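Notes follow once the structure below has been shown.
4 protein chains.
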Amino acid sequence: MKFEAENTDILEEPYEFQKLLGFRMVDWTAERVIIQLPMRGELTNRYGIPHGGVHAAMLDTVMGYAGCYTGDPDHIRQAMTLTLNVNYLSRPKGDVLIAEGRKVGGGKRSFFAEGTVRDETGERIATGSGAFRYRSDSVG
Amino acid sequence: MKFEAENTDILEEPYEFQKLLGFRMVDWTAERVIIQLPMRGELTNRYGIPHGGVHAAMLDTVMGYAGCYTGDPDHIRQAMTLTLNVNYLSRPKGDVLIAEGRKVGGGKRSFFAEGTVRDETGERIATGSGAFRYRSDSVG
Amino acid sequence: MKFEAENTDILEEPYEFQKLLGFRMVDWTAERVIIQLPMRGELTNRYGIPHGGVHAAMLDTVMGYAGCYTGDPDHIRQAMTLTLNVNYLSRPKGDVLIAEGRKVGGGKRSFFAEGTVRDETGERIATGSGAFRYRSDSVG
Amino acid sequence: MKFEAENTDILEEPYEFQKLLGFRMVDWTAERVIIQLPMRGELTNRYGIPHGGVHAAMLDTVMGYAGCYTGDPDHIRQAMTLTLNVNYLSRPKGDVLIAEGRKVGGGKRSFFAEGTVRDETGERIATGSGAFRYRSDSVG
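Protein chains in written order, with the working numbering: chain S, 1 to 140; chain G, 1001 to 1140; chain A, 2001 to 2140; chain R, 3001 to 3140.
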């Protein structure tokens, strides 16, 4: 899988935790958000595989962004996670974790999103869903 | 709150992701697991507060360990997360995140756990629950 | 366990689905909500044990009410479930399902709650958590 | 939407709770499970809309069956729900609730499934996911 960030003008600067984990946003449209994270030793747990917190962080990220798309860098919409649910399906076979998020419902005050983490072989590693509420001080 | 790790002989060496996030296990008994994580800029999201993935990682960690206590460093029990659910209650007022996990049920093949993230002022930041399965190659 | 409904003046009339399942509210205070449901054949699944939907319905009910307590029957607060998470710990040994719900956080627009289903022997059958939003047309 | 149950020979007899709620299985293949439930007053909550426990029960049902398909009525596979997560997206506009479940991963001992509840207009009412474990005494 290869992603071209066609809408690079709306992609935001990486924030602190994003830099610590090392993921990169490669797509952010009204339909979906995609981030990529190359695996490395620093992300592994006591069993030598990616820590479940890595998948959770990626899913929280793509689902949150999925509900905040405006298409206009001058109008930023922001949201807080209310609940996050993650199902851990399998271990990665490849070297890159790719998370995709989609908004699936909601209204003016809150929204729902779903997400999936795969590796570059297409293996589905984890799925997630969540409820989010818009920050009242962000563009509605 | 202050925790004395009385059972330091069973505390394991920090693994890679643990070192990246910077949390430290301070208690691990049959009843509970506690880890601490001093806040720092690297853990913050685009809003300047701890990224939801941090709480998720902490909860996944303490709940997983909670079901794997044996009290004997020569007999290691291991588990994989099946599902993780996190509720984000509030923002931290303090400077240290403290996560506590407890096993709440289960059998020989799987277990359930609950957890809470507070800060050092006692403010409850997040709660979580999860289902885990024991690795078949670990001590039952 | 025996519960005395001391605050019978605020207990509401049973609604339709409540009558179909057969549960009864026995306590509703600022601290907790408790409902009871005597087991019967109609509530069982293809294995002859209570259907998971029964526990889910009970947990959704007590958690939703937990966030809506006002103590005043003339001021009704209402809420909608955003997300519901249920962990199925064990099977009942007794003949009555008793669900208890508690509000654990939230603000003016939404709240979080936790709940537990036990039987009359004290056996913990299921635990749950959820996020709810207040209906804007109800007393805030 | 109209469903023809082509594989009626593997559809099981309704069990007790199924009869109480009134849903009917209309499809059960390796790919998906579908059940239908005509709305009626008995299924409504204190607001006059379907109780959240109804959607939860339907999702638990279709997801559980989704992992137990064998295609052979003489070989029955059985599973217990470990965790159930439900997101409540909107209210039904129509008169029939239609739940669909799909297995999305797992192994010999446990599986994961996802599900959706729609009405006959296609409106998405609720989504769910869950982890289940196979009963050890059922065909593996």
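For every residue, glycine included, the Cβ atom is placed at its ideal position computed from N, Cα and C. Keep in mind that this is a model prediction, so the values were computed, not measured.
Residues of its chain near residue i, where Cβ-Cβ distance is below 6 Å and the 5 sequence neighbours each way are ignored
i, result
"S/Asn-87", "Thr-127"
"G/Val-1139", "Caution applies to G/Val-1139, whose pLDDT of 44 falls short of 50 and renders its modelled position unreliable; the model cannot decide the point."
"R/Arg-3024", "Gln-3036"
"G/Met-1102", "A quick correction: the sequence has Arg, not Met, at residue 1102 of chain G. Answer for G/Arg-1102: Arg-1032, Ala-1066 and Glu-1114, listed in chain order."
"G/Ser-1129", "Asn-1085 and Glu-1114"
"R/Ala-3079", "Gly-3064, Gly-3067, Cys-3068, Phe-3132 and Tyr-3134"
"G/Thr-1070", "Arg-1077"
"A/Glu-2013", "none"
Chain-order list of residues whose beta-carbon lies under 8 Å from that of residue i (same chain, five-residue window excluded)
i, result
"S/Phe-17", "Ala-57"
"R/Ser-3110", "Leu-3082, Ala-3131, Phe-3132, Arg-3133 and Tyr-3134"
"A/Val-2054", "Leu-2021, Leu-2037, Leu-2043 and Leu-2097"
"A/Arg-2124", "Leu-2089, Ser-2090, Thr-2116, Val-2117 and Arg-2118"
"G/Glu-1120", "Met-1001, Gly-1094, Asp-1095, Val-1096 and Ile-1098"
Proximity test, Cβ basis, 9 Å: residue i and chain G
i, result
"S/Glu-12", "yes"
"A/Ala-2131", "yes"
"R/Phe-3112", "yes"
"S/Glu-46", "Note that residue 46 of chain S is Arg in the sequence shown here, rather than Glu. So, interface residue."
Among the options, the one whose alpha carbon lies nearest that of residue i
i, options, result
"S/Ala-30", "S/Ala-131, S/Asp-72, S/Gly-41 and S/Leu-82", "S/Asp-72"
"A/Leu-2020", "R/Met-3080, R/His-3051, R/Met-3063 and R/Asp-3027", "R/His-3051"
"R/Gly-3105", "S/Gly-41, S/Ser-90 and S/Asp-60", "S/Ser-90"
"S/Phe-112", "S/Val-62, S/Ile-49, S/Arg-46 and S/Trp-28", "S/Val-62"
"G/Leu-1097", "G/Thr-1083, G/Gly-1107 and G/Arg-1118", "G/Arg-1118"
"S/Lys-108", "S/Ile-49, S/Leu-43, S/Val-54 and S/Ser-136", "S/Ser-136"
"R/Tyr-3047", "A/Ala-2099, A/Ile-2125 and A/Tyr-2015", "A/Tyr-2015"
"S/Gly-94", "S/Ile-34, S/Gly-22 and S/Pro-38", "S/Pro-38"
"G/Thr-1044", "G/Pro-1092, G/Thr-1070, G/Ile-1034 and G/Glu-1013", "G/Pro-1092"
"R/Glu-3100", "R/Ile-3034, R/Glu-3013 and R/Val-3054", "R/Ile-3034"
Neighbour flag for residue i against chain A, beta carbons, 9 Å
i, result
"G/Ser-1136", "no"
"R/Thr-3121", "no"
"R/Thr-3061", "yes"
"R/Thr-3116", "no"
"R/Ala-3099", "no"
"R/Gly-3140", "With a pLDDT of 38 at R/Gly-3140, under the threshold of 50, the predicted position of this residue should be treated as unreliable, and no value is reported."
Proximity test, Cβ basis, 9 Å: residue i and chain S
i, result
"G/Ala-954", "For residue 954 of chain G there is no data in the structure shown, the boundaries of chain G being 1001 and 1140."
"R/Arg-3109", "no"
"A/Ala-2126", "no"
"G/Val-1054", "yes"
"G/Pro-1050", "yes"
"G/Gly-1041", "yes"
"A/Met-2001", "For A/Met-2001, the pLDDT reaches just 45, beneath the cut-off of 50, and the residue's location in the model is therefore unreliable, although a value from the coordinates is still provided. Judged by the 9 Å Cβ criterion, A/Met-2001 is not in contact with chain S."
Residues near residue i in its chain [Cβ-Cβ closer than 7 Å; skip 5 each side]
i, result
"S/Thr-141", "For chain S, the structure presents residues 1 to 140; residue 141 of chain S sits outside this window and is missing."
"G/Ile-1049", "Arg-1091"
is_contact[residue i, chain R] using C-beta, thresh 9 Å
i, result
"A/Ala-2030", "no"
"S/Gly-105", "yes"
"A/Arg-2024", "no"
"A/Glu-2016", "yes"
"A/Lys-2019", "yes"
"G/Arg-1102", "no"
Burial state of residue i (16 or more Cβ within 10 Å)
i, result
"A/Gly-2041", "exposed"
"G/Thr-987", "Limits of chain G in this structure are 1001 at one end and 1140 at the other, which puts residue 987 of chain G out of reach."
Cβ-heavy atom distance, residue i to the ligand GTP, below 8 Å
i, result
"A/Phe-2111", "You won't find the ligand GTP in this model; it holds no ligand whatsoever."
Within 8 Å of chain D by C-beta, residues of the region 1070–1089 of chain G in sequence order: Considering every chain present, this structure includes no chain D. Its protein chains are S, G, A and R.
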